[in-house]
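Residue numbers (our numbering), protein chains in the order written: chain V, 142 to 478; chain C, 34 to 153.
See below for the structure under consideration.
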Amino acid sequence: MDTLVDILLLAFIAICAIAILRLRDLFAAVMMFGLFSLIAAGLFTTMHAPDVAFTEAAVGAGISTILILATLSQTARREKSQVGRNVILPLVVVWVTGAALIYGTVDLPVFGDPAAAAHQHVAPYYINESPHQIGIPNMVAAVLASYRAYDTLGEVVVVFAALIGVIALLGLRRRPEGVESGPLTLDHHQVLKVVARLVVPVILLFALYVQFHGEYSPGGGFQAGVLFAAGIILYALVFGLKSARQVIPPRLLGRLPAAGVLIFGGTGLLTMALGGNYLDYNVLAEHPPTAQQIGIIMVEIGVGVTVASVMLLIYFIFAERGMRRRPGNDAGGEAGR
Amino acid sequence: MSFFAHYNYHIAIILAMIGFYTMISRTNLVKKIIGLNVFQVSVFILFISIGVLEGGTVPILREGYELYSNPLPHVLILTAIVVGVAMTALALALAIRIHEAYGTVEEDEIHAQDDEPGAQ
């Protein structure tokens with residue numbers, strides 16, 4: 142049964158990808174991309190990866206799609222048809238590369254094979270030892286925040302750096318005065334308003350559950366951060382940017398990404414001050430599993446704060462930029478509606 | 034089942050190639066970024082497929098279950114997804130700035146403007 146679902150979902154996702162390639166209307170292509178990501182999330186669930194599925198559903202079908210839409214509203218909606226472009230060369234390159242890669246899969250172990258190399262080295266150690274060493278059921282959270290905490294710190298810093306890049310390109314300070322509604326506002330749709338009012342609190346509550354219960358069930362800082370941001374973005378889409386901006390004061394929101402990175406990095410410095418190595422949680426308490434759990438909770442909060450605030454800031458920057466550039470918006474905020 | 038033994042890997046490669054083709058054959062920058070995202074998801078699928086263990090379950094410790102899928106690819110990929118969207122945002126921001134500077138996001142038109150005598 143699992144195999145059948147797997148085969149069908151993979152077939153769907155391939156069809157979606159071809160549709161994305163062929164659609165000239167970029168708006169339709171983006172919608173198709175949202176569907177593509179949602180199917181991918183379903184696929185990750187069937188492949189025993191609920192943590193990944195949460196993240197993909199919130200990011201791919203939510204945040205990425207909205208960001209691309211916001212870009213489309215500021216660039217061009219349709220792709221121009223390409224006359225006189227060489228179509229043969231890209232096709233040849235793709236077929237040759239694809240054929241080489243398919244040939245490479247011949248030697249790969251069969252799907253789900255327990256004897257595969259991937260299951261022989263470090264994975265059994267994590268699976269057998271993390272319940273004793275860390276004492277939390279969710280092995281993904283244990284590996285993410287404890288065994289591979291350096292990795293995770295690096296990734297959080299990359300997310301932070303990407304925000305800096307977006308701010309450098311699009312600007313944070315140049316915010317227009319008297320902004321009424323975003324380019325993507327849907328606040329004349331009563332049905333959407335009612336549904337959003339019901340759904341947004343549940344999404345935010347679920348995000349907090351994913352953050353603080355992440356050691357026991359699928360979840361953690363990354364998943365919670367993107368879910369929280371997706372909830373607020375949905376609110377912004379339906380009720381307007383101005384109301385969403387009031388949820389978290391801009392002055393505070395601008396500092397949260399750095400605060401999250403500092404919580405993470407500071408945890409490492411704290412363990413060093415207590416005489417351990419960087420991010421060696423065992424010095425935080427006498428009993429190693431307790432110490433590990435304290436460390437993991439602190440680090441996950443840092444991750445959650447950074448990811449949520451970076452995603453929100455990026456969305457706000459994109460949406461506000463679009464609003465400023467809309468014709469008729471300079472004279473009065475209402476004209477653009 | 035021998036045909037489906039490598040089915041996940043094959044589909045991942047097909048998706049990667051569709052994304053790759055979108056990137057090299059289209060001139061619209063936003064479309065290229067969508068293609069990049071398709072490519073990215075194909076890598077996610079490949080990694081998660083490698084982590085699956087036949088008869089295993091979600092890697093969350095529970096009594097009565099002995100076999101768990103490999104948690105390591107899950108960790109790598111869920112962070113990669115978040116890093117990926119941050120990078121996508123950066124790429125889209127660049128596309129917006131390019132549109133402001135050139136009035137278009139079509140690659141060949143941008144090149145044509147650059148090649149015009151007297152530009153810059």
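Don't be surprised by glycine CBs; every beta carbon is placed ideally from N, CA and C.
Just so you know, these numbers come straight off a predicted model, no measurement behind them.
So residue i contacts chain D; which residues on that side make the cut at Cβ distance below 8 Å?
i: LYS383 (chain V); result: Absent here is chain D; the protein component of the structure consists of chains V and C.
Between residue i and residue j, what straight-line distance do the alpha-carbon atoms span, to the nearest angstrom?
i: LEU503 (chain V); j: ASP248 (chain V); result: Residue 503 (chain V) is absent from the model: chain V starts at 142 and stops at 478.
i: ILE455 (chain V); j: LEU393 (chain V); result: 15 Å
i: GLY323 (chain V); j: PHE380 (chain V); result: Note that GLY323 (chain V) has pLDDT 47, beneath the 50 cutoff, so the model's placement of it is unreliable and no number is given.
i: ILE148 (chain V); j: GLU133 (chain C); result: 44 Å
i: THR246 (chain V); j: LYS383 (chain V); result: 51 Å
i: ARG218 (chain V); j: VAL171 (chain V); result: 10 Å
i: GLN146 (chain C); j: MET56 (chain C); result: 21 Å
i: VAL300 (chain V); j: ALA365 (chain V); result: 15 Å
i: LEU208 (chain V); j: GLU142 (chain C); result: 24 Å
i: VAL281 (chain V); j: LYS65 (chain C); result: 33 Å
i: ASN470 (chain V); j: ALA128 (chain C); result: Because the pLDDT of ASN470 (chain V) is 43, which lies under 50, any placement of that residue in the model is unreliable, and the question is left without a value.
i: GLY12 (chain C); j: GLY89 (chain C); result: For chain C, the structure presents residues 34 to 153; residue 12 (chain C) sits outside this window and is missing.
i: LEU94 (chain C); j: LEU415 (chain V); result: 31 Å
i: ARG130 (chain C); j: ARG59 (chain C); result: 19 Å
i: VAL298 (chain V); j: SER205 (chain V); result: 19 Å
i: GLU87 (chain C); j: PHE457 (chain V); result: 44 Å
i: ALA259 (chain V); j: VAL388 (chain V); result: 45 Å
i: GLN352 (chain V); j: GLU149 (chain C); result: 54 Å
i: LEU311 (chain V); j: LEU111 (chain C); result: 27 Å
i: GLY68 (chain C); j: HIS144 (chain C); result: 21 Å
i: ILE447 (chain V); j: ALA400 (chain V); result: One detail in the question is off: residue 447 (chain V) reads as Thr in this sequence, not Ile. Their Cα atoms are separated by approximately 7 Å.
i: ARG396 (chain V); j: VAL444 (chain V); result: 14 Å
i: VAL336 (chain V); j: ILE243 (chain V); result: 46 Å
i: LEU504 (chain V); j: PRO231 (chain V); result: Missing from the structure shown is residue 504 (chain V); chain V here goes from 142 to 478 and no further.
i: HIS43 (chain C); j: ALA169 (chain V); result: 27 Å
i: ILE435 (chain V); j: LEU167 (chain V); result: 47 Å
i: GLY477 (chain V); j: ILE373 (chain V); result: Residue confidence is low: GLY477 (chain V) scores 35 on pLDDT, short of 50, so the model does not pin down where it sits. Its coordinate-derived value is still stated next. One C-alpha to the other measures close to 23 Å.
Here's a check: name, in chain order, each residue in its chain whose Cβ is nearer than 6 Å to the Cβ of residue i, leaving out the five neighbours to either side.
i: PRO278 (chain V); result: TYR357
i: GLY84 (chain C); result: SER102, ASN103 and PRO106
i: GLY463 (chain V); result: ALA211, SER214, GLN215 and PRO324
i: PRO191 (chain V); result: PRO359
i: THR186 (chain V); result: ALA194
i: VAL451 (chain V); result: VAL300, LEU304 and PRO398
i: SER271 (chain V); result: MET280 and ALA283
i: PRO429 (chain V); result: ASN423
What do you get for residue i, buried or exposed, if any count of 16 or more other CB atoms within 10 angstroms of its CB means buried?
i: SER222 (chain V); result: exposed
i: GLN331 (chain V); result: exposed
i: PHE53 (chain C); result: buried
i: THR216 (chain V); result: buried
i: LEU339 (chain V); result: exposed
i: PRO92 (chain C); result: buried
i: GLN433 (chain V); result: buried
i: GLU461 (chain V); result: buried
i: ALA377 (chain V); result: buried
i: MET188 (chain V); result: buried
i: ARG386 (chain V); result: buried
i: HIS39 (chain C); result: buried
i: ASN70 (chain C); result: buried
i: GLN261 (chain V); result: exposed
i: LEU145 (chain V); result: exposed
i: ALA256 (chain V); result: exposed
i: TYR228 (chain V); result: The sequence shown places Val at residue 228 (chain V), rather than the Tyr named in the question. VAL228 (chain V) is exposed by the Cβ-count criterion.
i: VAL108 (chain C); result: buried
i: VAL511 (chain V); result: The requested residue 511 (chain V) is not part of the displayed model; chain V covers only 142 to 478.
i: VAL116 (chain C); result: buried
Ends of the alpha helix (DSSP H) at residue i?
i: PRO257 (chain V); result: The sequence shown places Ala at residue 257 (chain V), not Pro. Premise fails: ALA257 (chain V) is in no alpha helix (DSSP H) and is neither H nor E.
i: ARG396 (chain V); result: From DSSP, ARG396 (chain V) is part of no alpha helix (DSSP H); its letter is neither H nor E.
i: THR238 (chain V); result: 229 to 246
i: LYS64 (chain C); result: 62 to 84
i: GLY276 (chain V); result: No alpha helix (DSSP H) contains GLY276 (chain V), which DSSP labels as neither H nor E.
i: GLU296 (chain V); result: 290 to 311
i: ASN103 (chain C); result: Here ASN103 (chain C) belongs to no alpha helix (DSSP H), and DSSP marks it neither H nor E.
i: SER58 (chain C); result: 40 to 58
i: THR210 (chain V); result: Here the sequence assigns Leu to residue 210 (chain V), which means Thr is not the residue at that position. Start and end: 206 to 215.
i: TYR376 (chain V); result: 362 to 380
i: MET173 (chain V); result: 167 to 187
i: LEU333 (chain V); result: 331 to 353
i: MET280 (chain V); result: 280 to 283
Near residue i, what residues of its chain come up, given a Cβ to Cβ distance below 8 Å and the 5 sequence neighbours on each side ignored?
i: ILE154 (chain V); result: PHE177, ILE180, ALA181 and LEU184
Sorted by chain position, which residues of the same chain lie with C-beta nearer than 7 Å to residue i's C-beta, five sequence neighbours on each side aside?
i: ALA160 (chain V); result: MET173
i: VAL307 (chain V); result: ILE455 and ILE458
i: ALA371 (chain V); result: ALA199, GLY203, ILE204 and ILE344
TODO: Check whether the region 70 to 79 of chain C touches the region 263 to 271 of chain V, taking contact to mean three or more Cβ pairs, one atom from each stretch, closer than 8 Å.
DONE: Not touching, per the Cβ criterion.
TODO: Inspect the CB distances between the region 272 to 292 of chain V and the region 436 to 448 of chain V and report whether three or more fall short of 8 Å.
DONE: Yes, the region 272 to 292 of chain V is in contact with the region 436 to 448 of chain V.
Open item on the list: Check whether the region 46 to 64 of chain C and the region 228 to 246 of chain V are in contact - that is, three or more C-beta pairs closer than 8 Å.
Closed with: Taking a contact to require three or more Cβ pairs closer than 8 Å, the region 46 to 64 of chain C and the region 228 to 246 of chain V qualify as touching.
Open item on the list: Across the region 398 to 414 of chain V and the region 290 to 301 of chain V, are there enough close Cβ pairs to call them in contact, namely three or more that are closer than 8 Å?
Closed with: With a cut-off of 8 Å, the region 290 to 301 of chain V and the region 398 to 414 of chain V count as touching, because enough Cβ pairs lie within range.
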